[in-house]
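K.L.:
Please see the structure below; I have some questions.
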Amino acid sequence: MRNLIDIVDFSVAELKELMDVACDIDMRPENYRERCKGKKLATLFFEPSTRTRLSFEAAMLELGGSVIGFSDASSCSASKGESVADTAKVISCYADIIAMRHPKEGAPYVAAKNASIPVINAGDGGHCHPTQTLADLLTIYRQKGKIEGITVGFCGDLKYGRTVHSLISALSRYNNINIVLISPDELKIPDYIKEDVIDKNAMTYTETKSLEDAMPSLDVLYMTRIQRERFDDANEYERLKGSYILTPEKLQNAKAELSILHPLPRVNEISVAVDQDERACYFKQVLNGKLMRMALILKLLSETDIEEKREADVVKNKIRCSNPRCIVSVEQELEHIFKPVDKANGIYRCVYCESQSIEKENN
Ligand code: CP
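So the mapping is simple: this note's numbering equals the position in the sequence shown, first residue as 1, plus 103.
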């Protein structure tokens with residue numbers, strides 16, 4: 104069974120294949136109108152969404168399939184205490200494929216381990232959002248004609264911005280990508296992305312607090328919302344929420360061929376006046392998201408007999424994950440599973456949320 108839990112579950116060649124199919128769907132939609140006839144998509148959304156849920160539903164309907172699901176945790180049996188694992192087993196009896204969004208990091212991973220149908224991560228807490236990355240990659244590819252050899256600036260909430268984490272992971276596998284990380288100190292990229300993705304893949308990067316300083320070098324500017332719902336301290340959110348606001352004036356020293364992306368929703372970080380600028384690509388990105396989700400549904404439904412790689416070399420229940428946003432913090436029955444980062448020094452990473460733990464500290 105193939106799933107999409109993390110963007111690195113797919114190779115660069117597979118991402119290209121998805122982009123090619125998405126472009127073909129855009130050009131020849133009539134060829135795809137019955138491709139999922141008789142198939143059902145279940146959208147299990149434990150957190151709010153406009154784009155991801157509705158684009159998945161539109162995608163399945165345009166492929167001739169049908170859709171079941173819920174858009175609110177309070178309207179499903181999770182509100183009575185049902186686990187993610189049981190939910191996944193139950194939905195496997197009703198549908199052919201699941202798209203799941205959950206506030207706890209690693210919840211779609213748990214669903215995938217327990218479902219007998221493909222599971223797609225539609226966003227898990229502040230961890231990752233691989234299908235947004237599919238939309239982002241297609242947008243970059245269509246705007247630039249390539250993904251290699253570009254400078255991408257990520258601006259805003261790089262700590263909780265799951266779309267940023269997934270896009271950096273994806274870009275780390277393309278050649279000659281330069282990234283510029285633009286954020287206040289409080290919202291810098293998590294260490295595990297820096298160590299396991301940026302450093303490990305020898306990506307060139309710079310960090311700055313100044314969008315104005317970064318602007319002239321950028322081919323792509325990826326603006327993000329400050330993620331209010333992930334803050335433990337409301338005062339800190341209030342202090343940081345206006346950190347970056349993109350206006351036409353700030354674009355004066357940008358390249359003429361800059362592409363401005365944003366996963367949306369925006370709050371105030373891109374002024375509506377920027378929408379008129381031909382470099383604004385965020386509404387094209389929305390359409391690209393639906394096309395890529397169509398391609399993804401087709402791919403996963405055609406690969407249900409492929410055996411997915413199992414976690415090798417993991418440590419179970421010797422270390423405990425202390426991340427309060429991890430799914431293990433609320434589902435006590437789950438095993439605490441870690442993969443080694445540096446065995447000699449006892450450094451491990453949780454398989455659900457990727458938080459780092461040090462074995463010696465835990466034992
Ligand atoms: N980009 C994105 O995930 O939007 P939604 O929260 O509306 O799904």
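Think of the CB as a built atom: it goes at the ideal place given N, C-alpha and C, for glycine as much as any other residue.
Do PHE148 and ARG156 have their CB atoms nearer than 8 Å?
P.N.:
yes
K.L.:
Using 8 Å as the threshold, is the C-beta distance between ARG396 and PHE173 below it?
P.N.:
no
K.L.:
Taking the C-alpha atoms as reference points, what is the distance between HIS230 and GLU208?
P.N.:
6 Å
K.L.:
If you scan the stretch 338 to 390 from start to end, which runs of the beta strand (DSSP E) of 3 or more residues do you find wholly inside it?
P.N.:
362 to 364
K.L.:
Ignoring anything shorter than 3 residues or poking outside the stretch 183 to 215, list the beta strand (DSSP E) runs there in chain order.
P.N.:
Assignment of beta strand (DSSP E) within the stretch 183 to 215, counting only whole runs of 3 or more residues, yields 200 to 205 in chain order.
K.L.:
Where are the beta strand (DSSP E) runs, 3 residues long or more, that stay fully inside the stretch 121 to 162, in chain order?
P.N.:
143 to 148
K.L.:
By the DSSP assignment, the beta strand (DSSP E) with GLU315 in it spans what residues?
P.N.:
Per DSSP, GLU315 belongs to no beta strand (DSSP E); it is in the alpha helix (DSSP H), 314 to 317.
K.L.:
Could you pull the start and end residues of the beta strand (DSSP E) that ILE223 belongs to?
P.N.:
222 to 227
K.L.:
Can you list, in chain order, the residues of its chain whose CB lies under 7 Å from that of TYR244, leaving out five sequence neighbours each side?
P.N.:
Within the same chain, MET122 and ILE250 come within 7 Å of TYR244 by CB-CB distance, once the 5 residues on both sides are set aside.
K.L.:
Output yes if chain D places a C-beta closer than 8 Å to the C-beta of THR407; else output no.
P.N.:
The structure shown contains no chain D; it holds only a single protein chain.
K.L.:
Would you call PHE386 buried or exposed, if buried means 16 or more other Cβ atoms sit within 10 Å of its Cβ?
P.N.:
exposed
K.L.:
Assuming GLN459 is part of the beta strand (DSSP E), what are its boundary residues?
P.N.:
459 to 461
K.L.:
Where does ILE409 land, buried or exposed, given buried means 16+ other C-beta within 10 angstroms?
P.N.:
exposed
K.L.:
Just grab the DSSP bridge partners of ARG452 for me.
P.N.:
In the DSSP output, where bridge partners are listed per residue, ARG452 has LYS442 and GLN459.
K.L.:
Please name the residue, chosen from THR190, GLU310, TYR295 and ASN224, that lies closest to VAL255 on a Cα-to-Cα basis.
P.N.:
GLU310
K.L.:
With distances taken Cα to Cα, identify the nearest neighbour of PRO233 among PRO132, VAL213, ALA202 and ILE373.
P.N.:
ALA202
K.L.:
Please determine, among ASN304, GLY264, ALA398 and ASP302, the residue with the shortest C-alpha to C-alpha distance to LYS291.
P.N.:
Residue GLY264 is the option with its Cα nearest to LYS291.
K.L.:
Would you tell me roughly how many angstroms separate the C-alpha atoms of PRO287 and SER195, rounded to the nearest one?
P.N.:
43 Å
K.L.:
Give me the residue from LYS183, ALA116 and PRO221 with the minimum Cα distance to ARG105.
P.N.:
PRO221
K.L.:
I want to check one thing, is the minimum distance from the CB of PRO206 to the heavy atoms of the ligand CP below 7 Å?
P.N.:
The answer is no for PRO206.
K.L.:
Can you tell me which of the three DSSP states TYR325 falls into?
P.N.:
The DSSP-derived three-state label of TYR325 is strand.
K.L.:
So the candidates are THR407, PRO427 and ASN391; which of them puts its Cα closest to the Cα of LYS130?
P.N.:
Reading the sequence as shown, one finds Met at residue 130 and not Lys. Among THR407, PRO427 and ASN391, the Cα nearest to that of MET130 belongs to ASN391.
K.L.:
Does DSSP classify GLY172 as helix, strand or coil?
P.N.:
strand
K.L.:
For a test of the three-state rule: what should DSSP assign to ILE103, helix, strand or coil?
P.N.:
The shown model of the chain, from 104 to 466, leaves out residue 103, and the question about it has no answer.
K.L.:
Quick check: what's the CA-CA separation for VAL375 versus LEU349?
P.N.:
9 Å
K.L.:
If you measure from the CB of SER458, is any heavy atom of the ligand CP nearer than 7 Å?
P.N.:
no
K.L.:
Could you say which of VAL377, TYR340 and SER346 lies nearest to GLU352 if we only look at CA atoms?
P.N.:
Between GLU352 and the set VAL377, TYR340 and SER346, the nearest pair of CA atoms involves VAL377.
K.L.:
Just to confirm, is the Cβ distance from ILE363 to MET318 under 8 Å?
P.N.:
no
K.L.:
In whole angstroms, what separates the C-alpha of CYS429 from that of CYS456?
P.N.:
In a straight line, the C-alpha of CYS429 is about 6 Å away from that of CYS456.
K.L.:
Within 10 angstroms of the Cβ of ASN466, are there 16 or more other Cβ atoms? Answer buried if so, exposed if not.
P.N.:
Reliability of the predicted coordinates at ASN466 is poor, the pLDDT of 44 falling under 50, and the value obtained from them is presented with this limitation in mind. The residue in question, ASN466, is exposed, as its Cβ has fewer than 16 Cβ neighbours within 10 Å.
K.L.:
If LYS140 sits next to GLY184, beta carbons under 8 Å apart, how far is it from one beta carbon to the other, in whole angstroms?
P.N.:
The Cβ separation is near 37 Å, so there is no contact.
K.L.:
Only counting the same chain, and skipping five residues up and downstream in sequence, which positions put a Cβ closer than 6 Å to that of GLU464?
P.N.:
Because the pLDDT at GLU464 is just 49, under 50, the model does not fix this residue reliably, and the point stays unresolved.
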